[in-house]
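J.: In UniProt numbering, the protein residues as written are 1 to 181.
Provided herewith is a single structure, encoded as structure tokens, for subsequent inquiry.
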């Protein structure tokens with residue numbers, strides 16, 4: 001067989017064989033390549049950011065850095081994610097912004113890391129997923145059903161990542177809150 005793994009991944013809409021973190025959002029099972037994930041944290045209170053896009057629920061303080069937290073439920077047009085006992089924030093690193101950007105993704109619950117071979121990932125369907133097809137890199141077979149494999153680079157466009165990156169980096173005096181002694 002002369003077909004390479006890269007060719008298989010290309011036919012599957014960009015999803016590649018490898019390890020994926022599985023999680024649940026609004027009753028649907030999703031997977032995200034662990035390549036992008038830096039850590040998983042328990043939900044904690046968010047600080048609202050005025051004039052942020054509606055899918056940005058706020059920011060968290062992560063070791064002294066302001067990290068925006070995106071609600072995938074809102075991003076996918078399914079409504080806000082309800083915070084419950086197992087709600088988690090998946091911290092991902094996007095290299096699309098100039099310096100790279102850590103972004104939190106709010107999900108109902110994190111499940112486990114699974115491995116998929118190239119034959120386990122089907123091409124993205126053009127119907128029936130409930131989210132925009134460009135957000136999906138493939139459908140991974142799991143026992144009797146499928147997981148939606150997300151394309152992180154498309155869930156947040158490079159322009160939106162740059163906007164989030166700029167939003168957390170004001171220089172002194174820019175915010176209009178400078179105090180004179």
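Note that beta-carbon positions come from the ideal geometry of N, C-alpha and C, so glycine has one too.
With DSSP as the reference, please indicate the residues paired to residue 61 in a beta bridge.
T.: For this step, residue 61 is matched to residue 61 along the chain shown. Note: residue 61 sits in a beta bridge opposite 66.
J.: Please report the straight-line C-alpha distance between residue 145 and residue 112, rounded to a whole angstrom.
T.: Residue mapping note: residue 145 aligns to position 145 of the chain shown, counting from 1. Residue mapping note: residue 112 aligns to position 112 of the chain shown, counting from 1. The straight-line gap from Cα to Cα measures roughly 16 Å.
J.: Going straight from the alpha carbon of residue 101 to that of residue 93, what length do you get?
T.: To locate residue 101, count along the chain shown from 1; it is residue 101. To locate residue 93, count along the chain shown from 1; it is residue 93. Answer to the nearest angstrom: the Cα atoms are 6 Å apart.
J.: Under a Cβ-count criterion, where at least 16 other Cβ atoms within 10 Å of its own Cβ denotes burial, should residue 44 be classed as buried or exposed?
T.: Working through the chain shown from its first residue, we reach residue 44 at position 44. Residue 44 comes out exposed.
J.: By Cβ distance below 8 Å, which residues in the same chain neighbour residue 69 in space, the five residues on each side in sequence not counted?
T.: Taking the first residue of the chain shown as position 1, residue 69 is located at position 69. So the qualifying residues of the chain are 46, 56, 57, 58, 59, 60, 89, 103, 104, 105 and 106.
J.: Buried or exposed for residue 80, please, with buried defined as at least 16 other CB atoms from any protein chain shown within 10 angstroms of its CB.
T.: Your numbering for residue 80 matches position 80 in the chain shown. Burial call: exposed.
J.: Quick check on the DSSP output: the beta strand (DSSP E) that includes residue 103 runs from which residue to which?
T.: Here residue 103 refers to the residue found at position 103 of the chain shown. Taken as a continuous stretch (DSSP letters only), the beta strand (DSSP E) holding residue 103 covers 101-107.
J.: Excluding five sequence neighbours on each side, which residues of the same chain lie with their C-beta closer than 6 Å to the C-beta of residue 117?
T.: What you label residue 117 is simply residue 117 of the chain shown in a count that begins at 1. Within the same chain, residue 117 has close Cβ partners 17.
J.: For residue 51 and residue 86, which I take to be in contact (beta-carbon distance under 8 Å), what is that distance rounded to the nearest angstrom?
T.: Residue mapping note: residue 51 aligns to position 51 of the chain shown, counting from 1. Residue mapping note: residue 86 aligns to position 86 of the chain shown, counting from 1. Actually they do not touch by this definition, with Cβ atoms about 31 Å apart.
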